[in-house]
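Line order of the protein sequences matches chains G and X. 87 is the number that the UniProt record's numbering gives to position 87 of the first sequence; each next residue is one higher, with no gaps. 14 is the number that the UniProt record's numbering gives to position 14 of the second sequence; each next residue is one higher, with no gaps. The beta-carbon is built from N, C-alpha and C at its ideal position, and this holds for glycine as well. Being a predicted model, the structure only gives us computed values, none of them experimental. Reviewing the structure listed below.
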Amino acid sequence: MIRFILLQNRQGKTRLAKYYVPLEDSEKHKVEYEVHRLVVNRDPKFTNFVEFRTHKVIYRRYAGLFFSICVDITDNELVYLECIHLFVEILDHFFSNVCELDLVFNFHKVYLILDEFILAGELQETSKKIGLRRPQSSVVYNTSTSSTSSWSRAKKCPGLHACRVSVLVRQRRPSSAQISCITAS
Amino acid sequence: MDLSLNPFSSGTRLRDMIRAIRASKTAAEERAVVRRECAAIRAAISDNDQDYRHRNMAKLMFIHMLGYPTHFGQMECLKLIAASGFPEKRIGYLGLTLLLDERQEVLMLVTNSLKQDLNHSNQFIVGLALCALGNICSAEMARDLAPEVERLLQTRDPNTKKKAALCSIRIVRKVPDLAENFMGSAASLLKEKHHGVLISVVQLCTELCKASREALEYLRKHSVEGLVRILRDVSNSSYAPEYDIAGITDPFLHIRVLRLMRTLGQGDADCSEHVNDILAQVATKTESNKNAGNAILYECVETIMGIEATSGLRVLAINILGRFLSNRDNNIRYVALNMLMKAMAVDTLAVQRHRVTILECVKDADVSIRKRALELVYLLVNDTNVKPLTKELVDYLEVSDDDFKEDLTAKICSIVEKFSQDKLWYLDQMFKVLTLTGNFVKDDVWHALIVLISNAPELQGYSVRSLYKALQASGTQESLVRVAVWCIGEYGEMLVNNISMLDVEEPITVTESEAVDALELALKRYSVDVTTRAMCLVALLKLSSRFPQTSKRIQAIVVQNKGNTVLELQQRSIEFNSIIQRHQSIKSSLLERMPVLDEASYLLKRAASSQATVSLTKSAPSAASGGSLKVPNGAVKPPPAPLADLLDLSSDDAPVTTSAPSTAPNDFLQDLLGIGLIDTSTAGGAPSASTDILMDLLSIGSYPVQNGPLATSNISSPGQAVTKHAPGTPQVIDLLDGLSPSTPLPDVNAAYPSITAFQSATLKMTFNFKKQPGKPQETTMHASFTNLTSVTLTNFMFQAAVPKFIQLRLDPASSSTLPASGNGSITQSLSVTNNQHGQKPLAMRIRISYKVNGEERLEQGQISNFPAGL
Chain G
1 MIRFILLQNR
11 QGKTRLAKYY
21 VPLEDSEKHK
31 VEYEVHRLVV
41 NRDPKFTNFV
51 EFRTHKVIYR
61 RYAGLFFSIC
71 VDITDNELVY
81 LECIHLFVEI
91 LDHFFSNVCE
101 LDLVFNFHKV
111 YLILDEFILA
121 GELQETSKKI
131 GLRRPQSSVV
141 YNTSTSSTSS
151 WSRAKKCPGL
161 HACRVSVLVR
171 QRRPSSAQIS
181 CITAS
Chain X
1 MDLSLNPFSS
11 GTRLRDMIRA
21 IRASKTAAEE
31 RAVVRRECAA
41 IRAAISDNDQ
51 DYRHRNMAKL
61 MFIHMLGYPT
71 HFGQMECLKL
81 IAASGFPEKR
91 IGYLGLTLLL
101 DERQEVLMLV
111 TNSLKQDLNH
121 SNQFIVGLAL
131 CALGNICSAE
141 MARDLAPEVE
151 RLLQTRDPNT
161 KKKAALCSIR
171 IVRKVPDLAE
181 NFMGSAASLL
191 KEKHHGVLIS
201 VVQLCTELCK
211 ASREALEYLR
221 KHSVEGLVRI
231 LRDVSNSSYA
241 PEYDIAGITD
251 PFLHIRVLRL
261 MRTLGQGDAD
271 CSEHVNDILA
281 QVATKTESNK
291 NAGNAILYEC
301 VETIMGIEAT
311 SGLRVLAINI
321 LGRFLSNRDN
331 NIRYVALNML
341 MKAMAVDTLA
351 VQRHRVTILE
361 CVKDADVSIR
371 KRALELVYLL
381 VNDTNVKPLT
391 KELVDYLEVS
401 DDDFKEDLTA
411 KICSIVEKFS
421 QDKLWYLDQM
431 FKVLTLTGNF
441 VKDDVWHALI
451 VLISNAPELQ
461 GYSVRSLYKA
471 LQASGTQESL
481 VRVAVWCIGE
491 YGEMLVNNIS
501 MLDVEEPITV
511 TESEAVDALE
521 LALKRYSVDV
531 TTRAMCLVAL
541 LKLSSRFPQT
551 SKRIQAIVVQ
561 NKGNTVLELQ
571 QRSIEFNSII
581 QRHQSIKSSL
591 LERMPVLDEA
601 SYLLKRAASS
611 QATVSLTKSA
621 PSAASGGSLK
631 VPNGAVKPPP
641 APLADLLDLS
651 SDDAPVTTSA
661 PSTAPNDFLQ
671 DLLGIGLIDT
681 STAGGAPSAS
691 TDILMDLLSI
701 GSYPVQNGPL
711 ATSNISSPGQ
721 AVTKHAPGTP
731 QVIDLLDGLS
741 PSTPLPDVNA
751 AYPSITAFQS
761 ATLKMTFNFK
771 KQPGKPQETT
781 MHASFTNLTS
791 VTLTNFMFQA
801 AVPKFIQLRL
811 DPASSSTLPA
821 SGNGSITQSL
831 SVTNNQHGQK
841 PLAMRIRISY
851 KVNGEERLEQ
861 GQISNFPAGL
């Protein structure tokens, strides 16, 4: 079972944190700090798995973003690695070429997508089409029913796309899938 | 029309707030922005602002993510959920899952809204409610809403179905009793075609099997064929772009099905036979050049190892692991090591073949791989390969990083001890480890080493000379210094006169004053800790009797510490000085070599202490201070010297308090040297009564015996752990006559006899009851658990549930480890308030989970034999 999912940038800022087990707020911050410290300095050649307390963290880096999933010690590490990639692909399709700032400004949509992908700590949907269609239809449904809402997808500012998670081509070695570079804005 | 652009509207848009926060250059600026926004949101909440409620909630979520307190917005979530529109509900549920969790009481209020939404006609709203339920469902909600979720499992919409299945997982986790309600629909849903539904249902089945034995049996009968069909379809299916990952159709579904097959096939030959063929097919046909394929192979191997597979299939599995191990990808090597550990139980020889590769992995740059490999090596060691393996590990100790040394040292010590048929080899390895990483060696390890040296008269000379040489070479490793100092003190003359030389040894010449030099150096070394210094002083004192010529010099060294700020050292210094000066007549008999330490009792004690997580503090010596040597069990062999008597005493009774388990438990070596300074000072704040036996024996240092809040207890036989009292229990069983201030407690529980509330093949639970006078509703219960098996139970957890008219508070348990065969117990107290006292009796359901040999077990039961009147 998945204990929590974290999205953090290299500086340790948490962009998304989803906990499937109840933790105190202070404990959450500690966990986020520790996980970041664990993953940020690891060599790209190393395994994508780190033992964390009595669980293990499967992480993968995309540009400056770390996607970390904490699972039980008996779970299959390799498949969670694929999970992360599938999630990133869905994000990438949804935001068409996703970047960190998309996740910051649309954090609520990211949560929505995640809720369609994983529920109660277990995988919910493995189809890329549905994984995409559901949240979209949900957003559309929303805008059509509420005129006062500022939730519809706003036109993107061109300046926001300074750093991209960018093209998600499936690569042979997953851990080397550090995708594209960051051009400082 | 966007209202937020209206200059007359209050507040800013979410996007603008995020921009403002991002634009803040300093943390103070950010805090100011957040404060301003929070103030605006609070104002909107108190105005009961309808239009911006969902926007405010979104802002609050962002603020929450930044780590600021947002509890004031919790009620707003509930209002949004109760609203009729989809956008309001959506943001409300999102807020609910982010800002609250299952432990908050506010959650009680949301149950009704959830119920309504679960019955809503719009599938999106039902989806939202299921999502929220899956994320934050508590046990209470699980009971209330399980019928709705059950019904939703039967709807036509696949999206609702899969969400309902996952919600059921959460419900079953919270309330395992409900498992039987779900098993029928779960088994029938396996006929679905939709992958999302399938994967959810397969996961639900796995969870049901864990929660209930009955569900496991049911699913064994009704689901195996369905699973085989799903796996065959998905692995034979042609290219499906929707589910394709690296050329494999839906590896996620593959893996979930394989996992369920493992759960079903474990210990069941029929099921295993059914799945044998399809497992062989998956294991041979899956391509292994991509991560997704390897993930399937990995899961498949695990399933083959887990079930009653044919031997041919097992060979296939081991071969796959061999291929994994030689893979260049670190991830694959990591999982191979992980798997080989499980394969050890099935086929040790096959794993032994990969020994060289595994040993290489211990030296890998990646800490994750190193840890796995080290654990595997530890399992691989046997009588025949222990020497070369240990040599490899010790060699690697020199070059490994500091943070890995600790693990490595512990493992080497453990290996060396386990296979120490040859004492000389054991000593050599231990000396090497002490020299290289003495700072990481645990106390009990070097204590065991000293016990062994003391028991091997033919090797004492060799040991003291080797240690002396090692001390000269590297005097910075704490444990090495301690062992060396102790040996020089005890066997100093063997060092100087080259007594009992072994053939392999080269003779060394050490003069008496050089031996004293070594001790002086150790004593005066910068940053040496108090324990070591105290040991040095004792060793010097002993040498003063062994080498009479150096007596004057030793006295001078000892006197230097008489002004030391550490009380212990000062006291020793003054007392030892007076021994050397004024008590010449008794000195030689007093400072005789220590009698042989009893190896068997030490080992017993060590085993007991490693099992019981309660740590033992060193108040034992305090019992000796009056000189009345009362050995509590009377079963002590006649001691050869008065000193030995003290030793036996201190090793035989082991008083306990519940204190931090990190303190070194019951090391009687420390006790008898009186050097438990550090340990006692950290032991749970209890006043330390660490009295030096040597001094007591001489009646020089009058050390006050404290027996105030130190909760001591008595142990009836040596090595038998440990009856336990909660701290603060005023039940002091003092070993000394006339010192005990406490009188036996009147039996307050007389009105309510204790009961055996629960008993199974493995466990016994008893309850003691206590009532405060004047409060008939409230009862304090002390539960104590005893293990009836011969295996230690770990991760022990006790949970209890009561009817609504009773309130229950569970205090933390004394430990999570329950030692085998009744050697100790776990205690936990419960406070129960019966709001309908006198009308309804107490009733309680209990659930106990623990691990036996790493395997999780669960026991449940109902207690109805409470004494009347509670």
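Asked, Found
"Stretch-stretch touch, CB-based, cutoff 8 Å, three pairs: the region 178-194 of chain X with the region 107-123 of chain G", "no"
"Cβ neighbours of lysine 411 (chain X) in the same chain (closer than 6 Å, five flanking residues each side left out)", "Leu374 and Tyr378"
"Interface flag, valine 335 (chain X) vs chain G, CB-CB below 8 Å", "yes"
"Amino acids of chain G, ordered along the chain, whose beta-carbon sits closer than 8 Å to that of cysteine 271 (chain X)", "Within chain G, no residue comes near cysteine 271 (chain X); the closest Cβ sits about 20 Å away, beyond 8 Å."
"Closer than 8 Å to chain X by CB, valine 104 (chain G)", "yes"
"Cα-Cα separation between valine 485 (chain X) and alanine 448 (chain X), rounded to whole angstroms", "15 Å"
"Contact list for phenylalanine 252 (chain X) against chain G, beta-carbon separation under 9 Å", "Val79, Glu82, Cys83, Leu86, Leu123 and Thr126"
"Cα-Cα separation, lysine 30 (chain G) to phenylalanine 107 (chain G)", "21 Å"
"First through last residue of the beta strand (DSSP E) which encompasses tyrosine 80 (chain G)", "Premise fails: tyrosine 80 (chain G) lies in the alpha helix (DSSP H), 77-94, not in any beta strand (DSSP E)."
"Residues near serine 474 (chain X) by beta carbon distance below 6 Å, same chain, minus five either side", "Thr435"
"CA-to-CA distance, threonine 111 (chain X) to tyrosine 20 (chain G), given in whole angstroms", "19 Å"
"Spatial distance of threonine 14 (chain G) from leucine 23 (chain G) (CA atoms)", "16 Å"
"Per-residue DSSP class, three states only, for isoleucine 499 (chain X)", "coil"
"Boundaries (first-last residue) of the alpha helix (DSSP H) holding glutamine 571 (chain X)", "567-582"
"Nearest-angstrom Cβ-Cβ length linking alanine 309 (chain X) and phenylalanine 324 (chain X), presumed shorter than 8 Å", "Actually they are not in contact, since the Cβ atoms of alanine 309 (chain X) and phenylalanine 324 (chain X) sit about 18 Å apart, beyond 8 Å."
"Proximity of leucine 297 (chain X) and serine 288 (chain X) at Cβ, strictly below 8 Å", "yes"
"Near-chain G residues of the region 277-303 of chain X (beta-carbon distance less than 7 Å), N- to C-terminal order", "Asn291, Ala292, Asn294, Ala295, Tyr298 and Glu299"
"For histidine 194 (chain X), the three-state DSSP class (helix, strand or coil)", "coil"
"Tyrosine 239 (chain X) burial status per 10 Å Cβ neighbour count (16 or more: buried)", "exposed"
"Cβ-based neighbour list, tyrosine 141 (chain G), same chain, cut-off 6 Å, excluding 5 preceding and 5 following", "With a pLDDT of only 46 at tyrosine 141 (chain G), under the threshold of 50, the placement of this residue in the model should not be trusted; the figure read from the coordinates follows. Nothing meets the Cβ criterion."
"Test item: CB-CB of histidine 837 (chain X) and proline 753 (chain X) under 8 Å", "no"
"Whole-Å CB distance - glutamate 100 (chain G) paired with asparagine 9 (chain G), under 8 Å assumed", "6 Å"
"Residue-chain proximity (asparagine 9 (chain G), chain X), Cβ-Cβ < 8 Å", "no"
"Three-state secondary structure assigned by DSSP to cysteine 99 (chain G)", "strand"
"Under the three-state DSSP convention, the category glutamine 460 (chain X) falls into", "helix"
"Closer than 8 Å at the beta carbon, the chain G residues around serine 368 (chain X)", "Phe46, Thr47, Phe49, Val50 and Glu51"
"Contact the region 52-71 of chain G vs the region 376-395 of chain X: 3+ CB pairs below 8 Å", "no"
"Check whether glutamate 88 (chain X) and histidine 54 (chain X) have beta carbons under 8 Å apart", "yes"
"Contacts of glutamine 203 (chain X) in chain G (Cβ-Cβ under 8 Å)", "Glu122 and Leu123"
"Own chain partners of phenylalanine 458 (chain X) with C-beta closer than 7 Å, once the 5 adjacent residues on each side are dropped", "Here the sequence assigns glutamate to residue 458 (chain X), which means phenylalanine is not the residue at that position. Excluding sequence neighbours, glutamate 458 (chain X) sits near Ser500."
"Terminal residues of the beta strand (DSSP E) in which glutamine 759 (chain X) lies", "755-759"
"Where methionine 261 (chain X) meets chain G, residues with beta-carbon distance less than 7 Å", "By Cβ distance, chain G contributes nothing, its closest Cβ being about 14 Å from methionine 261 (chain X), past 7 Å."
"Euclidean distance between Cα positions of leucine 130 (chain X) and leucine 118 (chain X)", "7 Å"
"Min CB distance alanine 63 (chain G) to chain X below 8 Å", "no"
"Alpha carbon of leucine 6 (chain G) to alpha carbon of aspartate 443 (chain X), nearest angstrom", "39 Å"
"At least three beta-carbon pairs within less than 8 Å, the region 537-557 of chain X to the region 599-608 of chain X", "no"
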